[in-house]
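Below you'll find the structure, written out as structure tokens, and then a few comments.
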Amino acid sequence: MSDLIRKTAAELGALIAAGEVSAAEVAEAHLDRMAEVEPKVQAFLHVDRETTLEQARAVDARLRAGEKLGPLAGVPVAHKDIFATRDMPTTAASKILEGWRPPYDATVTARLREAGLVILGKTNLDEFAMGSSTENSAYHVTHNPWDLSKVPGGSSGGSSAAVAAYEAPLSTGTDTGGSIRQPASVTGIVGMKPTYGGSSRYGLIAFASSLDTPGPFARNVLDAALLHEAFSGHDPMDSTSIDRPVPSVVEAARNPDIAGMRVGVVKEFAGEGYQAGVLARYHEAVQLLESLGAKVVEVSCPSFTTALPAYYLIAPSECSSNLARFDAMRYGLRVGDDGTRSAEEVMALTRAAGFGDEVKRRIMLGTYALSSGYYDAYYGQAQKVRTVISREFEAAYQQVDVLVSPTTPTTAFGIGERADDPIAMYLADLCTIPSNLAGNAAMSVPCGLADEDNLPVGLQIMAPVLADDRCYRVGAAVEKALESRWGGPLLKEAPSL
Ligand code: GLN
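Mapping of the sequence shown onto our numbering: position 231 corresponds to residue 235, and the numbering continues sequentially without gaps.
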């Protein structure tokens, strides 16, 4: 393994800024790593060596010209293929968008470029971000670098696998119900869902607009914070973007002092249905927080267990509306347009061919939940549950500064194991969904390996709206303490590569 790919993003940024290594050399080292491990991992949907090297050379030129770029200038990033990119295809891992080249960049993409990050390629995901394993991609399956027979989580599984396989120091994801935290957890890396509205949805292909939140992946908490700061903040192009300063997440990641902090353990997220090894590492992490000076109390949030069914009404309802734009006329695929068929027939044929089974299931569920006569019983009821969950969070945050739970009930499951069982698949997000419904900040940070299978376990740290910095402070404290125990990071190198 080249030395460059072992470095953290912060270290790479410093080396590049000091002129000790060029952005082009760093990009090349990662492209070489990708060439070596992609046949096994398959984290990417699109890689274009020349475009990447061109971007890197352009950053080198900007730096030589004395332009002041941020701390990540020249650092490579793998970008989830749900963000619009002008110079690369954008598919959301769906056949319906095959070959589509967006005429514009998403705000997240544009901010990566402004900060001088170098985009290595577009990463695989569950089609339209619907899933927890990346098996719903219309293109190929991505493998977990810890054990290639396991899933890398989802929907941002290409992004988690790329970082865990040392193909990229950083990657982007989106979290609608857990799609950053759950893949981070099962691949042993850090993943952060910012406060809803803290990062822009402009140019992000919409799944469920009231929940979709872009966020960072990295192999350590500080790197995640640097990427978080690089692309977050107010965007007038997104009507739900928050016009407030970005919480000082980098500062928090650099100051992991949690003495006196009040930590609430969510009572409902443990026990039956949780893997023993997950609970063992989780309980140790809670003890660790206590030993670092935090005041740990148990908090009950009884409605959190109803978040999952409410989400599976709200998210499909929004998806059924959002995906109506794929009408066979505007983007990508068009099937059966031979001059004999009506627009409706072409639309029906295109959707039948272009959408995968899970996407169709969600559109049908959502259309049903919104239909007249059922709206109040399903969508309306789910919205009420959403309000109750937000209130339970508010009540909890009267008592504590952050809440913790396991990120997901089990370690990485086998490829194919839950593919035919949607409910088992949905349960992967049991602990992550409440934070999406309430719109607050939440992180997953590695807390060890489960004894049964030696696979990574994640600790979830939840904080109030716009208190993202607390997740980073606690995450960094856990990381620092565990790394001194382990003698380095959990993920020293991808074990199966
Ligand atoms: N796994 C959840 C779902 O399938 C969440 C996905 C996400 O956060 N994008 O909807």
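Think of the CB as a built atom: it goes at the ideal place given N, C-alpha and C, for glycine as much as any other residue.
Assigned exposure category for residue i - 16 Cβ within 10 Å defines buried
i: Pro107; result: exposed
i: Gln403; result: exposed
i: Ala100; result: Just to set this straight, residue 100 is Ile in the shown sequence, not Ala. Buried, by the Cβ-count rule.
i: Gly281; result: buried
i: Thr95; result: buried
i: Arg395; result: exposed
i: Ser243; result: exposed
i: Met429; result: buried
i: Ile427; result: exposed
i: Asp424; result: exposed
i: Pro391; result: Note on residue identity: the sequence assigns Thr, not Pro, to residue 391. Counting Cβ neighbours within 10 Å, Thr391 comes out exposed, since fewer than 16 surround it.
i: Asp342; result: exposed
i: Arg115; result: buried
i: Pro503; result: Given a span of 5 to 501 for the chain in the structure shown, any question on residue 503 remains unanswerable.
i: Asp227; result: buried
i: Thr344; result: exposed
i: Ser321; result: buried
i: Ser153; result: exposed
i: Asp261; result: exposed
i: Glu483; result: buried
i: Gly452; result: buried
i: Thr138; result: buried
i: Gly3; result: Nothing about residue 3 can be reported from this structure: the residues present for the chain run from 5 to 501 only.
i: Gly78; result: buried
Closer than 7 Å: residue i CB and nearest ligand 1 heavy atom
i: Asp52; result: no
i: Met447; result: no
i: Phe211; result: yes
i: Thr178; result: yes
i: Ala133; result: yes
i: Gly192; result: no
i: Ser183; result: yes
i: Gly443; result: no
i: Ser159; result: yes
i: Ser136; result: yes
i: Asp433; result: yes
i: Ala319; result: yes
Distance, residue j Cα to residue i Cα
i: Leu463; j: Pro251; result: 21 Å
i: Ala357; j: Leu292; result: 51 Å
i: Trp490; j: Gly23; result: 33 Å
i: Glu40; j: Tyr170; result: 11 Å
i: Lys299; j: Arg266; result: 5 Å
i: Val461; j: Gly192; result: 7 Å
i: Lys197; j: Arg185; result: 7 Å
i: Met92; j: Glu58; result: 13 Å
i: Pro413; j: Glu456; result: 14 Å
i: Ala69; j: Val63; result: 10 Å
i: Ser439; j: Ala446; result: 7 Å
i: Asp85; j: Lys126; result: 5 Å
i: Ser214; j: Val25; result: 42 Å
i: Leu407; j: Thr217; result: 20 Å
i: Val269; j: Gly17; result: 36 Å
i: Arg66; j: Gly74; result: 12 Å
i: Glu32; j: Asn224; result: 22 Å
i: Thr12; j: Ser375; result: 50 Å
i: Gly195; j: Pro220; result: 6 Å
i: Leu327; j: Leu434; result: 25 Å
i: Ala432; j: Tyr200; result: 21 Å
i: Ser6; j: Ala172; result: 13 Å
i: Val449; j: Arg285; result: 12 Å
i: Ala168; j: Met38; result: 12 Å
i: Ala319; j: Ile20; result: 42 Å
Next item on the list: Pair every Cβ in the segment 480-500 with every Cβ in the segment 149-167, then say whether three or more of these pairs are closer than 8 Å.
Entry: yes
Note to self: Threshold first: 3 residues or longer. Then list the beta strand (DSSP E) segments lying entirely within the segment 231-319, N to C.
What the structure shows: 266-270, 299-303
Check: Counting pairs of beta carbons, one from the segment 357-377 and one from the segment 131-138, are three or more of them closer than 8 Å?
Finding: yes
Item checked: Ordered list of alpha helix (DSSP H) runs contained in the segment 366-440, each at least 4 residues -> Segments of the alpha helix (DSSP H) lying fully in the segment 366-440: 385-403, 426-430.
Next item on the list: Decide if the segment 108-126 is in contact with the segment 370-381; the criterion is three or more beta carbon pairs, one per stretch, under 8 Å apart.
Entry: no
Checklist line | Cβ contact (3+ pairs, closer than 8 Å) linking the segment 271-290 and the segment 313-323 | finding: no
Notebook entry, point to check: At which residue ranges does the segment 16-82 contain complete beta strand (DSSP E) runs of 3 or more residues, listed in the order of the chain?
Noted result: 48-50
Next item on the list: State whether the segment 35-50 contacts the segment 199-214, with contact taken as three or more CB pairs (one from each stretch) at a distance under 8 Å.
Entry: no
Check: Counting only runs that start and end within the segment 176-211, where is the alpha helix (DSSP H) found for 4 or more residues in a row?
Finding: As for any alpha helix (DSSP H) of minimum length 4 sitting wholly inside the segment 176-211, the runs are 185-191, ordered along the chain.
Notebook entry, point to check: Using 8 Å as the threshold, is the segment 116-123 in touch with the segment 159-173, meaning 3 or more CB pairs across them?
Noted result: no
Check: What runs of the alpha helix (DSSP H), each 4 residues or longer, lie entirely inside the segment 102-133?
Finding: 111-118
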